[in-house]
Ligand SMILES: Cc1cc2nc3c(=O)[nH]c(=O)nc-3n(C[C@H](O)[C@H](O)[C@H](O)COP(=O)(O)OP(=O)(O)OC[C@H]3O[C@@H](n4cnc5c(N)ncnc54)[C@H](O)[C@@H]3O)c2cc1C
Ligand code: SF4
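Residue numbers (the numbering used here), protein chains in the order written: chain X, 18 to 703; chain C, 12 to 337.
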């Protein structure tokens with residue numbers, strides 16, 4: 018019926034789809050599908066929301082109408098949807114992106130049994146969805162055997178290789194274009210079926226095809242954060258020194274791939290502690306495959322660990338900040354390496370001072386404003402300082418403009434801005450003269466815009482490329498006949514502040530950059546920059562840190578929580594651009610407020626359908642949910658992160674990590690109610 | 012989305028004529044209807060656009076009442092100075108709902124006719140007696156955190172989601188309905204129907220009938236009224252529980268009172284039991300707590316919504332306290 022509906026060009030399903038191939042599914046080699054099972058691979062439906070057919074029509078309305086006419090028949094089996102129903106079959110996954118998922122240091126059992134003070138509790142976090150305001154989309158255009166995909170991807174290089182492998186064609190024949198992304202938060206990092214389907218559909222109908230996901234699709238077709246159940250045990254001496262940490266996590270993964278929300282990995286090194294056990298178990302359920310979502314692992318993991326630490330502070334009758342300082346990890350005890358740089362104590366101090374933490378009365382319910390209970394809570398924030406190989410080119414043109422290009426992406430965080438800024442600094446010219454071109458697989462390769470690695474990976478390459486362009490310019494100047502540079506070696510020529518001039522001479526004696534090109538009849542000069550992490554990675558542990566302080570005002574009679582103030586202080590190395598950095602801070606805090614107070618996706622436990630798959634039923638914070646947000650930075654360069662002296666670690670993810678526990682701790686301080694199950698909705702505070 | 016025809020009408024007569032053709036439906040702001048059409052929950056064959064009808068005035072009547080045209084936008088109604096001063100609860104209720112953008116589109120008539128936010132009603136893959144009589148109810152044993160504890164039946168436990176209508180119930184408004192054979196006026200309490208065995212019938216409106224006006228009686232309450240809405244986020248979110256109240260005092264004694272509940276019942280809910288407790292009693296916290304208990308005595312929780320009993324009581328007490336001190 019659907020095939021005969023008005024405007025329909027093709028109906029593609031497992032019975033008539035072309036042969037597709039499972040890609041390597043190896044993140045390190047840039048082959049990374051959202052889930053290993055290839056779309057339309059067989060006739061089995063593993064979860065609600067899995068694609069069973071795609072309809073191509075002249076208009077979107079016609080396609081949607083025809084989709085309703087598709088009849089699907091299958092034998093129904095009993096699904097497993099809830100973690101508890103699958104606990105018996107929980108298994109121990111081995112690794113997550115190269116990190117072991119189960120490790121033990123010392124003997125936590127003995128240490129716990131002998132500890133002067135112990136705390137043990139289970140913390141749970143729900144399934145969450147990224148919900149960028151821009152839904153994912155893909156436009157496929159074939160030109161003979163060459164394919165161009167206009168994408169919403171956080172990783173054009175990954176998309177190119179993964180799509181190539183899935184379609185069984187050479188990578189060189191695929192061109193990925195993704196210049197702007199309306200938010201991603203991780204759901205646009207890997208290749209999800211729609212990018213394959215648009216290519217398949219365009220081939221079938223022999224025309225360009227545009228495939229836009231609906232908001233409902235965004236809940237089942239590009240990943241989510243798994244629900245987590247975390248059992249945390251802490252043992253401490255009376256003086257607060259931790260003697261044991263046991264962090265035992267159960268997460269969900271899908272029937273068709275493995276993704277583990279590695280909640281406990283941070284617990285192995287965030288505090289100094291001789292006996293630490295971390296374990297992750299996974300259960301397979303009939304839902305789509307989870308995927309990284311802003312600070313995967315740290316986000317739910319710190320909710321558990323930092324809530325537990327707050328509980329321990331009360332048992333010890335100790336200030337929560339003091340407890341954390343007492344247990345400060347001077348080195349990374351898991352990796353047995355010194356930190357490349359660490360100013361966490363400075364974060365506690367700066368944050369506490371701005372917040373006014375010293376005036377905190379520790380007793381729950383003791384700070385009031387009329388009938389309103391005021392609660393102050395805090396938590397440590399952290400995220401690794403990841404860096405990957407990356408390349409950029411800087412082209413100086415005859416008309417005086419400079420092009421800065423790289424296959425990195427801008428998700429809205431400001432990559433365009435910071436790259437232009439670095440190039441402008443090196444070249445000594447106005448930023449207005451710089452044009453940045455990103456998000457195109459034909460450009461110099463760059464890593465995924467994920468893992469907070471873009472700044473540390475791409476800015477050093479950009480700087481190198483700009484320096485290379487200037488060096489080539491000096492060489493070119495040295496060849497200029499009848500010029501101020503006649504008989505000068507390139508080393509005797511200076512290129513800075515927009516002008517080329519003889520060393521030792523006044524800049525005005527030289528020429529503007531572009532005049533050197535004009536006079537030598539060069540259309541452009543191209544500088545190349547490639548940088549990669551080196552042996553410093555084996556010597557140091559790279560990690561960013563922060564401290565987040567939250568004030569809540571709770572109206573206990575109507576179970577209402579208002580987050581009135583959030584102060585965050587971060588040590589993320591050098592701040593390259595105060596404005597874009599602060600914006601990452603704001604957005605992390607707002608997202609954290611969503612995690613703390615409202616975000617949760619509801620699956621019907623009978624069939625695994627997502628019943629809140631729209632932005633009315635899945636609440637994310639609105640303006641009224643936050644008030645004052647203060648973002649502070651230590652702003653001390655990391656001396657080892659890059660050999661070019663930039664010293665910046667990324668900060669896209671750390672900003673969200675401590676918010677939820679700080680809110681929960683503040684709610685406890687206000688009300689005496691310890692909420693260990695996110696989100697903290699009104700029904701939990703009655 | 013299914014194919015449909017679309018026509019704009021400019022007078023009531025034309026509207027009623029067109030509404031008789033096929034499966035025709037009026038469209039006003041479209042904020043409920045278009046949404047549900049995209050979800051295939053509403054599948055009209057013809058849309059009759061009534062935005063051109065001259066029903067967009069708020070008028071003072073000689074008997075002290077106020078007559079509100081069915082096409083008055085929610086935003087305009089909430090910001091009208093007469094409504095703000097004389098019917099505070101109505102202004103507050105509207106402003107507690109939806110977003111500024113939606114309120115600028117949403118109309119008085121459309122708001123009364125808006126449909127439930129029950130997840131299963133909005134997704135045609137699930138059985139739903141409201142959508143398809145006799146099909147069953149997926150919410151009964153499903154996820155029912157947002158569902159009703161008052162006025163439910165064996166066939167349906169969906170809440171009526173309107174904030175505005177709860178205030179109208181507290182104010183004892185009337186709804187003017189124009190049918191092909193004449194006009195009738197229905198008290199708001201009789202306008203919405205309990206689900207009973209026919210959850211598909213939500214109001215007394217029959218197909219093709221048009222809401223023309225809503226009138227607010229002058230009432231003895233003056234500004235002493237209030238709306239309190241409790242929900243999962245600070246704004247732009249439907250009520251988990253809400254209360255609209257109005258108080259008439261004689262010294263420190265309650266002479267008369269109105270209490271209505273939202274977010275917890277299958278229709279905008281008038282809590283007459285609470286009003287009885289309040290009438291003649293001292294206007295204080297103890298009385299308010301008793302009134303709240305009375306309002307919820309008939310509540311029947313399901314698996315995920317028992318919290319609503321307490322939450323609704325808190326809303327009632329807070330609203331009464333707010334009305335008292337205002
Ligand atoms: C995201 C979102 C959030 C919302 N949040 C809230 C909230 O917090 N609180 C709240 O109360 N509401 C909320 N709403 C609902 C909103 O108030 C209603 O959608 C709106 O009031 C409907 O009015 P309308 O004019 O757009 O109706 P339409 O969509 O045009 O029509 C709705 C129905 O009423 C019928 N109709 C319209 N006018 C007449 C008439 N004059 N006579 C007879 N029948 C008529 C139509 O045929 C249709 O069946 C929300 C809506 C959305 C989309
Ligand atoms: S509660 Fe009512 S609206 Fe919801 S599924 Fe049941 S019958 Fe349908």
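Glycine included, every Cβ here is placed at the ideal spot set by N, Cα and C.
- At a C-beta separation below 8 Å, residue 333 of chain C has no neighbours in chain X, since its nearest C-beta there lies roughly 11 Å away.
- Judged by DSSP secondary structure, residue 436 of chain X falls outside any beta strand (DSSP E) and instead within the alpha helix (DSSP H) spanning 432-444.
- For residue 85 of chain C, the enclosing alpha helix (DSSP H) begins and ends at 85-90.
- Annotation: residue 678 of chain X is outside any beta strand (DSSP E); the continuous alpha helix (DSSP H) that includes it extends over 676-688.
- Cα atoms of residue 423 of chain X and residue 411 of chain X: separation of roughly 9 Å, rounded to the nearest angstrom.
- For the pair residue 320 of chain C and residue 307 of chain C, the Cα-to-Cα distance works out to about 6 Å.
- With the criterion set as a beta carbon lying under 7 Å from some beta carbon of chain C, the stretch 265-292 of chain X has no members that meet it.
- Residue burial is scored here from C-beta neighbours: residue 283 of chain X has at least 16 other C-beta atoms within 10 angstroms and is therefore classed as buried.
- Under a 10 Å Cβ-count criterion, residue 189 of chain X is classified as exposed, with fewer than 16 other Cβ atoms of the shown protein chains found around its own Cβ.
- Taking C-beta separations shorter than 6 Å and ignoring five residues to either side along the sequence, the partners of residue 290 of chain X in its chain run 259, 262, following chain order.
- With respect to residue 209 of chain X, residue 466 of chain X sits apart: the two C-beta atoms are not nearer than 8 Å.
- Measuring C-alpha to C-alpha distances from residue 161 of chain X to each of X:285, X:197, X:223 identifies X:223 as the nearest.
- With the criterion CB distance below 5 Å from any heavy atom of ligand 2, the matching residues run C:129, C:131, C:132, C:139, C:140, C:141, C:148, C:149, C:150, C:167, C:168, C:169 along the chain.
- Along the length of the stretch 357-412 of chain X, whole alpha helix (DSSP H) runs at least 4 residues long occupy 361-372, reported in chain order.
- Within chain X, the residues 639, 640, 641, 642 have their CB atoms less than 9 Å from the CB of residue 246 of chain C, given in chain order.
- CA-CA distance, residue 255 of chain C to residue 170 of chain C, rounds to 16 Å.
- Excluding its 5 nearest sequence neighbours in each direction, residue 335 of chain C has C-beta neighbours in its own chain below 7 Å: 258, 294, listed in chain order.
- Taking 8 Å as the threshold, the shortest C-beta distance from residue 208 of chain C to chain X does not fall below it.
- Taking C-beta atoms as the reference points, residue 583 of chain X and residue 668 of chain X fail to come closer than 8 Å.
- Spatial neighbours of residue 91 of chain C in its own chain (CB-CB distance under 7 Å, excluding positions within 5 residues in sequence) are listed in chain order as 69.
- When DSSP assignments are scanned along the stretch 468-536 of chain X, the uninterrupted stretches of beta strand (DSSP E) that are 3 or more residues long and fall wholly within it turn out to be 510-513, 516-519.
- Within the chosen limit of 7 Å, ligand 1 reaches the beta carbon of residue 248 of chain C through at least one heavy atom.
- Straight across, the Cα-Cα distance linking residue 300 of chain C with residue 323 of chain C is about 11 Å.
- The criterion of a C-beta distance shorter than 8 Å is satisfied by residue 394 of chain X and residue 682 of chain X.
- DSSP places residue 324 of chain X within a helical segment (H, G or I) once states are collapsed to three.
- Within the stretch 685-703 of chain X, contact with chain C at the beta-carbon level (separation under 9 Å) is assigned to 696, 698, 699, 700, 701, 703.
- Secondary structure of residue 286 of chain C (DSSP, three-state): helix.
- Relative to ligand 1, the beta carbon of residue 41 of chain C is positioned inside 7 Å of a heavy atom.
- Here the stretch 347-355 of chain X does not lie against the stretch 635-651 of chain X, with fewer than 3 beta-carbon pairs under 8 Å apart.
- With a cutoff of 7 Å, residue 120 of chain C counts as near ligand 1, since its C-beta is closer than that to a heavy atom of the ligand.
- By the rule that beta-carbons nearer than 8 Å mark a contact, residue 75 of chain X does not touch chain C.
- When secondary structure is reduced to three states using DSSP, residue 95 of chain C falls in the helix class.
- Residue 143 of chain C counts as exposed, since fewer than 16 other beta carbons sit within 10 angstroms of its beta carbon.
- In this structure, the beta-carbon distance from residue 176 of chain X to residue 212 of chain X falls below 8 Å.
- Secondary-structure assignment with DSSP links residue 198 of chain C through a beta bridge to C:185.
- Shown in chain order are the members of the stretch 12-41 of chain C whose Cβ falls below 9 Å from a Cβ of chain X: 12, 13, 14.
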